[in-house]
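Below is one structure, written out as C-alpha cells; comments come after it.
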Amino acid sequence: MAAVAVAILIALGWAALALWLGPLFGFVDRPDSNELKVHTRPAVPLGGVGVFLAIHTAMAMEGIYDAGLAAATGGLLLLGLLDDRFQLSALIRLAVEVPLAGVLVVFANHGWPADPLPVVVGVGIVVVAINAVNLFDGLDGLVGTTAIVSAIGLTLLANDRGLNGMYGLLLAAALLGFLVLNWHRARVFLGDNGSYTVGAFLAYGIMIVSPDSVDSRFIVGALLLGVFAVDLAATIVRRRLHGRPLFAGDRSHIYDQLHDRGWSVPRVVLSIAIAQAVFVGLALGVEQIRNGPGRIAAVAILVASSMVAVRLGGFWRRQPD
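Residue numbering for the sequence shown follows the working numbering, starting at 15 and increasing by one per position.
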C-alpha cells in the first residue's frame, strides 16, 4: 500500500508546487464577467500534471506500469496544456485524441486483435470519456470526487473478476491528493490537461477490468462513467435541439442547474457522487447478469437518466443566443 500513499503525496505535492509555477508560466484561471465561470478567486489549472505523475509513479512501484498508457496520457496531457494556454479548436483536439486513444486501446488489449471491433469500441470509449470528463469539469471538486467513485468501482469490478484491483486504488489515491487543494474554494483546477488525462485513465481502467465481449464492455463502461456519460448525452441532445455547437459552453449541465437552484457547491458535488455510486453499483450488477433482459434494463436506466438530465438542463427552455 506504499504506492497508494505515494500517489496521494505526489498529487498533493505537485498541486502545492503548481500554486507557484502557474503564475510564473501564465497558467492562471481568473474570475471574470463570463457567466460560465462560478469561481470567485484565481486558481491554477495544472492539477492534471500531478495526477499524471502520481499514477505512473505509483504504477511503476506496483509493477503494473504500462508504457502505452504513459504515451497516450502523456500526449493528452500535452494537448490539454496547450489547450489551457492557447484555446485550441475542437477539430484540432479531436484530431489528436483519436490516434492517442488508438495507442491506449492497442496497449490495453496487448496488441491488435484479429477482430478490429473491440479496438473501434475501445477508441470510442476513450474519446467519449475524455470529452465527457472535460465537459463535466465545472465546479470545485466535482470531477475529482466523481472520478474517485468510478475508480473504486474499477477496483471492485477487478476483484470480482479475480483481477488485480490496484490500478483503481492508485487512481483514487492520486485524485484524493489533488482534491485537497481542489475542494471548494479551490486554489488548483484540473484544467483541460487534467480532464483529458483523467478521462483516459478511467477509460483504460474500464478496458482492463470490464468483460471481454463488446456488448458487455460497452454497457459496463457506460455505467462506470455514469453521470459523466449521462451529462454528455444530455448535452449533445440539448445543444443539437437548440442549434448550438457541442463544445460551446452553457450553464445547463446537471451540476449548473442544481447550483443555480441554491445548492451549495459541496452539496452538489456530494449528491452527484452518490448518484455515481448508484451507477457503479449497477455496473457491478450487470457483470453478474448474463441474460439479455437484465442488460437491456441497464441500458434503459442510462437512457432514462439522460432524459431526466436533458429535462433538468432546460430541454424546453430557449437557450440564449
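By construction, the Cβ of each residue, glycine as well, lies at the ideal position given by its N, Cα and C atoms.
All of these numbers come straight from a predicted model, not from anything done at the bench.
Item, Value
"Between L96 and the rest of its own chain, which residues show a CB-CB distance below 8 Å, the 5 nearest in sequence each way excluded?", "L102"
"Exposed or buried, P132, counting other C-beta atoms within 10 Å across all chains shown (16 or more means buried)?", "buried"
"Using the beta-carbon count (16 or more within 10 Å), is L260 buried or exposed?", "exposed"
"Under three-state DSSP, which class holds M43?", "Per the sequence presented here, residue 43 reads as Asp, with Met not at that position. Three-state result, D43: strand."
"Between the C-alpha atoms of R281 and W126, what's the straight-line distance to the nearest angstrom?", "44 Å"
"CA-CA distance, S227 and V42?", "44 Å"
"Taking just the CA atoms, how far does T169 sit from A30?", "28 Å"
"Can you find at least 3 beta carbon pairs, one from the segment 236-252 and one from the segment 187-204, that sit closer than 8 Å?", "no"
"In terms of residue numbering, what span does the alpha helix (DSSP H) encompassing Y210 cover?", "G205 to V223"
"Between A104, A109, V65 and R99, which lies nearest to G88 when the distance is taken from Cα to Cα?", "V65"
"Are the beta-carbon atoms belonging to G90 and T211 less than 8 Å from one another?", "In the sequence on display, residue 90 carries Leu and not Gly. Going by C-beta atoms, L90 is nearer than 8 Å to T211."
"Assuming L171 and L118 make a contact with CB atoms under 8 Å, what is their CB distance in whole Å?", "L171 to L118, Cβ: 19 Å. No contact."
"For R44, I'd like the list of residues in its chain whose CB is within less than 7 Å of its CB, leaving aside the five on either flank, ordered along the chain.", "P56"
"Given a threshold of 16 other Cβ atoms within 10 Å of its Cβ, counted over all protein chains shown, does S278 qualify as buried or as exposed?", "exposed"
"Reducing DSSP to helix, strand and coil, say where A57 ends up.", "strand"
"Just the C-alpha distance for D264 and L108, rounded to the nearest angstrom, thanks.", "20 Å"
"From A25 to L60, what does the alpha carbon distance come to, in whole angstroms?", "11 Å"
"Shortest alpha-carbon distance to V58 belongs to which of A200, Y269, D270 and S224?", "A200"
"For A165, collect the residues of the same chain with a Cβ closer than 6 Å to its Cβ; drop the 5 residues on either side in sequence, then sort them by chain order.", "G182, L185 and A186"
"Residues in its own chain within less than 7 Å of V20 by CB, not counting five upstream and five downstream?", "T71, A72 and M75"
"From the DSSP output, in three-state form, read off V133 for me.", "helix"
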